[in-house]
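*Asks:* Handing you this structure, nothing more for now.
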Amino acid sequence: MSVAFLLILLFGLLLLGVPVAISLGVSAVATMLLFSSYDIFGVPEIMLNGLKPALMAIPMFILAGSLMSKGSSAHRIVEFAKSIVGHLPGGLPMSAILACIIFAAVSGSSPATVVAIGSVMFLALKEAGYPTSYSVGAITSAGSLGILIPPSVVMIVYGVTAEVSIEKLFIAGVIPGLLVGGMMMLYAYFGAKRLGFTATKPASLKERIKKFKEAFWALLIVVVVISGIYAGVFTATEAAGISAVYAFIVSVFIYKDIKFKDLYGVFLDAAITTAMIFFIIGFAVVFAHFLTSERIPHIIAEYLVSINMTWWMFLILVNLVLFVMGQFMEPSSVVMIMTPLLLPIAVSLGIDPIHFGIVMIVNMEFGMLTPPVGLNLFVASSLTGLSLKEVVVSVLPWLCVLLVGLILITYIPAISLWLPSMIG
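Okay, structure coming up:
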């Protein structure tokens, strides 16, 4: 009875348009008052106890992404990507997707990736003769890799909620991210050939070296942060601090495209985004605490085991549930709400928590690309001036590519787990 009340109240508030954080808090506290003996004056303590030190990585990665996206780093990364694959049929959209893959390893955010690369590439694709729908779909979809390719804010949220190693999650996200990104580049290649685009003269070695040198400092942050984590030199939280300082030095002192007078706006944007995420996390902790204390996940797990549900059947159910929730809620919110409910069941069925986390995050990519709350759709609409309906239609073929990637990642655990097992 208490669970039914909790979920009905939560989704009722969400449907009424109440902010996610408030919906989580009100539904959890109201259920505690009516169906348990909890002292609600202990709620602030539950919230504070749930804010783990690892969450400190979130504001710093957000700040690093904001600094890099406001400067010329995105443009330099795009020019470097064009020198590598720009001569192939579909070379320009492939360059955009490759640039999204690289920038995703800097920003940790999907909307930031769409803004940074889209602001450079949308007009270039249009001027090169690519159909608007094809161009918008490519960048909007590739931008979703921002939450899959490490460092990822959503990965940090899952790691803290599931109490698993964030470093291992980052390592596990590399191959799935490159796999999905590579599939998108292949689709761009064959799609462009079908549209009649042909290969052009490749950039010379001298030109590629020149573009690499121009993008060197922007690319180096990826090498420093990711290799440092994988080599065990520093933790994910320490890497976040290093990335923020590095992005500041590169943008202000090396590229000199952010002035000191611009820093207030950059810091304010990062602070607003961070506050929104932490507000959601705080109330989601209370929500999860109630579910766990009432043993709801364990009861559901025992039921599923009793009806002989296998791990692969359970993952089909998980993908369907997450797809629906991703339509209405921001990815961090979905992860915070569903992880305490689904993870114990997954573990009881023999599913590795790291693999399960990657599956959840790939599902959240769909949420970034589907209405009514798909953030990437609104960003792309704002950048291009297209209606939301036009952007949604442009993304549909790319969603099919992402679906194939989700199926592979869901049912071939080695895609997520091989690299962490090798690095140890």
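Under UniProt numbering, the residue at position 140 of the sequence shown is numbered 140, and the numbers go up by one with no gaps.
Virtual Cβ for every residue (Gly too), placed ideally from N, Cα, C.
These numbers come from a predicted model, not from an experiment.
#1: By the 10 Å Cβ neighbour count, where 16 or more other Cβ atoms means buried, how is W312 classified, buried or exposed?
#2: Alpha carbon to alpha carbon, what distance is there between F5 and L383?
#3: Can you tell which of V43, F378, V252 and A81 has its C-alpha closest to the C-alpha of V392?
#4: Can you tell me the Cβ-Cβ gap for I358 and R208, rounded? I've got them flagged as a contact below 8 Å.
#5: When the distance is taken between beta carbons, is G137 closer than 8 Å to S394?
#6: What does the alpha-carbon distance come out to for the pair S306 and F287?
#7: Does the segment 115–127 touch the segment 149–158, meaning 3 or more C-beta pairs lie closer than 8 Å?
#8: Assign Y264 to one of two classes, buried (16 or more other C-beta atoms within 10 Å of its C-beta) or exposed (fewer than that).
#9: Should A231 be labelled buried (16 or more other beta-carbon atoms within 10 Å of its own) or exposed?
#10: Could you pull out every residue in the same chain whose Cβ sits closer than 8 Å to the Cβ of M47, ignoring the five residues on either side in sequence?
#11: By the 10 Å Cβ neighbour count, where 16 or more other Cβ atoms means buried, how is A275 classified, buried or exposed?
#12: Quick check: the segment 58–74 against the segment 314–330, are at least 3 beta-carbon pairs closer than 8 Å?
#13: Under 8 Å between the Cβ atoms of L375 and S110?
#14: Can you list, in chain order, the residues of its chain with a C-beta nearer than 8 Å to that of L417? Leave out the 5 residues immediately preceding and following it.
#15: Give a yes or no on whether the C-beta atoms belonging to M184 and V401 are separated by under 8 Å.
#16: Any chance you could list the alpha helix (DSSP H) runs of at least 4 consecutive residues sitting entirely within the segment 196–279, in chain order?
#17: By how many angstroms is the C-alpha of P420 removed from the C-alpha of I300?
#18: Using alpha carbons as the reference points, say which of L67, C100 and E167 lies closest to V78.
#19: Could you tell me whether the Cβ atoms of V334 and G367 are closer together than 8 Å?
#20: With a Cβ-Cβ cutoff of 8 Å, do residue 425 and V225 count as a contact?
#21: Based on Cα-Cα distance, which residue from A21, L15, L55 and P371 lies nearest to I337?
#22: Under the three-state reduction of DSSP, which class applies to A57: helix, strand or coil?
#23: Using CA atoms only, rank isn't needed, just tell me which of L9, L16, F35 and K210 is closest to G25.
#24: Buried or exposed: where does N363 fall if 16 or more other Cβ atoms within 10 Å of its Cβ makes it buried?
#25: For the alpha helix (DSSP H) that Y132 lies in, which residues bound it at each end?
#26: Quick check on DSSP: helix, strand or coil for N308?
#27: Should the segment 217–224 be regarded as contacting the segment 127–145, the criterion being three or more beta carbon pairs within less than 8 Å?
#28: Run the CB neighbour count on E330, radius 10 Å, all protein chains shown included, and call it buried at 16 or more, exposed below.
#29: By the 10 Å Cβ neighbour count, where 16 or more other Cβ atoms means buried, how is E167 classified, buried or exposed?
#30: Whole angstroms are fine: how far does the CA of A64 sit from the CA of I242?
#31: According to DSSP, simplified to helix, strand and coil, what is A30?
#32: Which word fits G146, buried or exposed, when buried means at least 16 other C-beta atoms lie within 10 angstroms of its C-beta?
#33: Along the chain, where does the alpha helix (DSSP H) that runs through P93 open and close?
#34: What separation, rounded to the nearest whole angstrom, lies between the Cα atoms of L343 and E302?
#35: With H, G and I counted as helix, E and B as strand and the rest as coil, what does DSSP make of A128?
*Replies:* Checking against the coordinates, here is how it stands:
#1: exposed
#2: 41 Å
#3: F378
#4: That belief does not hold up - the Cβ atoms of I358 and R208 are roughly 33 Å apart, past 8 Å.
#5: yes
#6: 27 Å
#7: no
#8: exposed
#9: exposed
#10: G282, F283, V285 and V286
#11: exposed
#12: no
#13: yes
#14: A172, D352, I354 and H355
#15: yes
#16: 205–230 and 236–249
#17: 30 Å
#18: C100
#19: yes
#20: This structure does not reach residue 425, given that the chain is present from 1 up to 424, and the question cannot be answered.
#21: A21
#22: helix
#23: L9
#24: buried
#25: As written in the sequence, residue 132 is Thr, which differs from the Tyr given in the question. From DSSP, the alpha helix (DSSP H) with T132 extends over T132 to A142.
#26: coil
#27: no
#28: buried
#29: buried
#30: 9 Å
#31: helix
#32: buried
#33: G91 to S107
#34: 13 Å
#35: coil
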